[in-house]
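I have placed the structure first, in the form of structure tokens, so that the comments after it can refer back to it.
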Amino acid sequence: MLLTEEQRRQVERLELTEWQHGLLLQVRELGRSVIGPAAKRVDRDGDYPREAIEALKRSGLTALAVPQAAGGFGAGFRGDVLALPLVLMEIASWCSSASQVLALHNSGVQYIHALGTRLRQTFSSRRYGKARCSAASAARIGPTARAPDCAAR
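Its first residue numbered 79, the sequence shown is counted upward by one per residue in the working numbering.
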């Protein structure tokens with residue numbers, strides 16, 4: 079069984095804890111102040127959601143799926159099962175591109191912490207947790223010898 083009875087009940091009734099509700103309000107404010115205003119340009123120009131990802135990074139939300147013991151929020155399939163989808167849905171209501179970037183980032187982080195070695199988990203927590211976001215680095219990726227036409231904008 080993946081979910082405890084308490085987690086299953088919470089998911090079925092969508093009962094938010096105080097922490098989840100506070101997190102959702104924090105993300106909503108970030109959407110209102112940063113993510114939403116930049117989304118129109120991101121969609122219009124087909125651009126990378128740089129401002130949104132930087133704001134998520136500054137807020138610490140790139141550590142959403144990092145276990146609490148490693149300095150993260152402890153959301154995802156090995157912790158608070160509702161927090162990650164709630165945050166992603168709220169971000170998607172402002173900018174689907176930013177939500178997808180954060181979803182992909184946290185998917186990788188979850189697997190590293192579930193299946194990775196202790197060294198890899200420590201490295202991941204430091205690199206992709208509080209201070210950095212792997213997806214934000216993609217904004218600086220440019221053409222290579224193998225893919226001269228490839229560049230994130």
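Positions of the beta carbon are idealized from the N, C-alpha and C atoms, including for glycine.
Identity of the residue in the options nearest residue i by Cα
i	options	result
A116	S175, L182 and S185	S175
E168	L180, D158 and P145	L180
L92	C173, W172, L160 and A170	L160
G100	A147, Q146 and F151	F151
S111	V187, L94, W172 and Y189	W172
G109	T95, S137 and R87	S137
I113	A130, W97 and T95	A130
Cβ neighbours of residue i in the same chain (closer than 7 Å, five flanking residues each side left out)
i	result
L162	L142, A143, A153, G154 and N184
Span of the alpha helix (DSSP H), counted from its first residue to its last, around residue i
i	result
L142	Premise fails: L142 is in no alpha helix (DSSP H) and is neither H nor E.
Q98	E96 to L108
L160	Per DSSP, L160 belongs to no alpha helix (DSSP H) and is neither H nor E.
P115	G114 to D123
Rounded C-alpha distance that separates residue i from residue j
i	j	result
E132	G149	19 Å
Q85	R122	40 Å
V105	V165	7 Å
G124	Q178	14 Å
E83	D158	13 Å
G190	L134	First, the residue type needs correcting, since residue 190 is Ile and not Gly in the sequence shown. Looking at the two C-alpha atoms, the distance is approximately 20 Å.
A147	R156	12 Å
K118	L102	22 Å
L139	R87	25 Å
E107	V120	19 Å
Q188	E96	23 Å
L193	G186	11 Å
L94	L182	24 Å
6 Å Cβ shell around residue i - same chain, five flanking residues per side excluded
i	result
A209	Because A209 carries a pLDDT of 40, less than 50, the predicted location of this residue cannot be relied on, and the following value inherits that uncertainty. Excluding residues within five positions, none has a Cβ falling inside 6 Å.
A170	S177
Close-in-space but distant-in-sequence residues of the same chain around residue i (CB under 8 Å, 5 per side omitted)
i	result
Q98	D158, L160, A161 and L164
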